[in-house]
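**Student:**
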Amino acid sequence: MMDVAANLDTISSNIKQSCSKNNRNPEEITIIGVTKYVTIERTEETIQAGISNLGENRLEGFLEKYNYFGKRAKWHFIGTLQSRKVKEIVDKVDVIHSLDRLSLAKEIDKRTEQPMECFIQVNVSGEASKHGLHPDDVQRFVEDLAPYSNIRVVGLMTMAPHIDDEQRLRRIFRELVTLRDSIRDQKITYAPCNYLSMGMSNDYQVAIEEGATHIRIGSKLVGSKG
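Numbering follows the UniProt record's numbering, with no gaps: position 89 of the sequence shown is 89.
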């Protein structure tokens, strides 16, 4: 029997342990419960357990959950977003984690009535199967966002490969940290870039040790089905 509250206790304990290694405050970590594979009932259990940030990566799944829960949760869209689908979610979603092209930024800017919090997705690992900008292209991309007053770059996001090589994972996360720092230190008004969305069920502890502020937890929190 899946027990979201018990899973959350375990995750919270692991977060404290990871934070203690470099004197971080566990309160700095936002847990995003990734509910893309689970039912309305399991999502309800997740909210009841105290998770107020929920992540969806498919339009249909997001709309189904949003239509049921509305603003009981803060909604993070964490999947690839087609420009033509922006109009269907832009007034409902709170944060977009997958900004990776100017055509998408232009559409978000046009459709939203207030600044949208966005993470720029960066393909640090270089995997062909992963979306996101090449790290070398991020600086220019941030500069090119200047005309879009409704885009607010709150941070960078990456997806690490599913591997057991901890040192490679650390290198990937550290590269995103370095990139984030370089953007943040420029003090760009529309791109404060304070946050790092990195780490999932299999690697969130390593991600936190390397500086993650937002972790996206699916199976270890809510299960993979049900």
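Beta carbons: idealized from backbone N, C-alpha and C, even for Gly.
Tell me, which residues are paired with ARG216 by DSSP?
**Tutor:** Its beta-bridge partners are ILE32.
**Student:** Quick check on ALA5: does DSSP put it in helix, strand or coil?
**Tutor:** In this structure, ALA5 counts as helix in the three-state DSSP scheme.
**Student:** For the candidate residues ARG58, VAL153, GLU166, whose alpha-carbon lies nearest to that of ALA105?
**Tutor:** The residue with the shortest Cα to Cα distance from ALA105 is VAL153.
**Student:** Let me make sure I understand the geometry here. Which of MET200, MET157, ASN123, LYS36 has the alpha-carbon closest to that of CYS193?
**Tutor:** Looking at the Cα atoms, MET157 is the closest of the given residues.
**Student:** Consider the Cβ of GLU127: report whether some Cβ of chain C lies at a distance smaller than 8 Å.
**Tutor:** Checking the listed chains, one finds no chain C in this structure; it contains a single protein chain.
**Student:** Whole angstroms is fine: what's the gap from CYS19's alpha carbon to ASN25's?
**Tutor:** Their backbone Cα atoms lie some 6 Å apart in a straight line.
**Student:** How long is the line joining the alpha carbons of GLU113 and LEU133, rounded to whole angstroms?
**Tutor:** In a straight line, the C-alpha of GLU113 is about 26 Å away from that of LEU133.
**Student:** Could you tell me which of ASN150, LYS16, ASN22 sits nearest to TYR190, measuring between CA atoms?
**Tutor:** The residue with the shortest Cα to Cα distance from TYR190 is ASN150.
**Student:** By how many angstroms is the C-alpha of LYS130 removed from the C-alpha of LEU221?
**Tutor:** Each residue's Cα considered, the two are about 23 Å apart.
**Student:** Between GLU201 and GLY218, how many whole angstroms is the CB-CB distance? I'm expecting something under 8 Å.
**Tutor:** According to the sequence shown, residue 201 is Ser rather than Glu. Indeed, because the Cβ distance is near 6 Å, the residues count as touching under 8 Å.
**Student:** Do VAL95 and GLU60 have their C-beta atoms closer together than 8 Å?
**Tutor:** Contact: no.
**Student:** Whose C-alpha, out of PRO147, ILE183, GLU28, THR39, is nearest the C-alpha of GLU56?
**Tutor:** Among PRO147, ILE183, GLU28, THR39, the Cα nearest to that of GLU56 belongs to THR39.
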